[in-house]
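Trainee: Could you have a look at this structure, given as C-alpha cells, before my questions?
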Amino acid sequence: MGSRKYNLNLKSEAIKLRLAGYSYNQIRQKLGIASKGTISYWLHGLVLTESAKKLLEKNTELSYRRGLFKANKIRSEKIKSENISYFAVGENKIKRLSKRDLMIVGIALYWGEGTKYEPENTTNRGLIFTNSDPKMISVYMRFIREILYIPEDKIRAGIHIYPSINKNTATKFWSEITNLPKDRFYVITQISRVSKSKRKTDSLPNGTVVIRVNGRAYFYTMKGMIASLIKQ
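FYI, in the working numbering the residues of the sequence shown are 121 to 352.
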C-alpha cells in the first residue's frame, strides 16, 4: 500500500513537472526514476496546454544551448590541449643554434624584413632592418654581432612611434632589447590619416625599431648571402 501511494505521489509530481515544461529526461533526473518507460507510461496521453507547450519548447531550447555550450567548451579544451602538444613538438625540433644555423636564420630574416634596394648613390648603402617584434630584433642583433662581427659603434637604431607612445618608454624598451645605449637611438613620431583611422593605439605599444649599419661591404655581403641561399 505504501509503495503504491509513493508511486502515485511520484506520478502526480511527474505530471506537474511535465505541465511546467520539463522534458522526460529532466523529470526522470529530478524525481530519481531510473526507468524511462515508467515516465512514458505515466505521461502517456497527457494533453499539454499551450502555455505548457511553450514552456517545454523554451526548456528544450535552453537544454540544447547548454549542451551545445558544454560541447563547445569540451572541444575548445581539447583543441587547446592539442595545440600545447603541437607547440612542444615544434619546440623540441630546434635545439641550440650553431653558428651556421644562426647565419641562415639571420640571412632569412634580412631577406624578409631588410632593405635590399640599391640607391643611386653607391656610397650611401648599408643594412636597414625594420620590425616591431622584440624577439625577432633580438635574434637579428645576435646575427649581426656574432656572425657579421659588426662593431658596436657602427650600429645605430631608430624608433618610429605614434603620438600615443611615450618616447622615453619606447627608447628604454628597445635599448634593453638590442643592448644598445640610449644615445644610439633617434626617434621619429609618425602622424597619418591611415594610422589614426585603422591602427589600434595598443597594436604597437613600443613602436617599430629600425636597426641601421652603414657600409657598402655589409650591404653587398648580405645580398651575396641571400643570393647563395636562394640557390640552395
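Every residue, glycine too, gets a C-beta built ideally from N, C-alpha and C.
#1: Which full runs of the beta strand (DSSP E) of 3+ residues lie inside the segment 284-345, going along the chain?
#2: Could you give the DSSP three-state label for threonine 250: helix, strand or coil?
#3: Spatial neighbours of asparagine 299 within its chain, please: C-beta separation below 8 Å, excluding the five flanking residues on both sides.
#4: If you reduce the DSSP assignment to three classes, tell me which class glycine 234 lands in.
#5: Would you mind sorting glycine 226 into buried or exposed? The rule is 16 or more other CB atoms within 10 Å of its CB.
#6: Using a 10 Å radius around the Cβ and a threshold of 16 neighbouring Cβ atoms, would you call phenylalanine 263 buried or exposed?
#7: Take isoleucine 331 and list the residues in its own chain whose beta-carbon comes closer than 6 Å to its own, dropping the five residues that flank it on each side.
#8: Got a sec, what are the start and stop residues for the beta strand (DSSP E) lysine 276 sits in?
#9: For glycine 327 versus isoleucine 279, is the C-beta distance shorter than 7 Å?
#10: Let me confirm a value: arginine 148 is counted as buried when at least 16 other C-beta atoms fall within 10 Å, else exposed. Which label applies?
#11: Taking tryptophan 294 as the reference, which of Pro254, Tyr269 and Met342 has the closest Cα?
#12: When the Cα of glutamate 238 is compared with those of Leu217, Ala290, Gly335 and Gln352, which residue comes out closest?
#13: Looking at the unbroken alpha helix (DSSP H) that takes in leucine 386, where does it start and where does it end?
#14: Please name the residue in Leu166, Asn145 and Ala290 whose C-alpha comes closest to that of lysine 302.
#15: Ignore the nearest five residues each way along the sequence and tell me which others in glutamine 310's own chain have a CB closer than 8 Å to its CB.
#16: Using the C-alpha atoms, what's the distance from isoleucine 135 back to serine 171?
#17: Return the CA-CA distance between arginine 265 and lysine 193, expressed in angstroms with no decimal places.
#18: How far does the alpha helix (DSSP H) with tyrosine 161 in it reach, from first residue to last?
#19: Classify phenylalanine 339: buried if its beta carbon has 16 or more other beta carbons within 10 angstroms, exposed otherwise.
#20: I'd like the list of long-range same chain contacts for tryptophan 231, defined as Cβ closer than 8 Å, with 5 residues on each side in sequence excluded.
Mentor: On the basis of the data shown:
#1: 305-309 and 328-334
#2: strand
#3: Met261
#4: strand
#5: buried
#6: buried
#7: Phe249 and Ala277
#8: Per the sequence shown, the amino acid found at residue 276 is arginine instead of lysine. Residues 275-281.
#9: yes
#10: buried
#11: Pro254
#12: Gly335
#13: Examination of residue 386 is not possible in this model, given that the chain is present from 121 through 352 alone.
#14: Ala290
#15: His280, Ile281 and Tyr282
#16: 15 Å
#17: 47 Å
#18: 156-163
#19: buried
#20: Ile346 and Leu349
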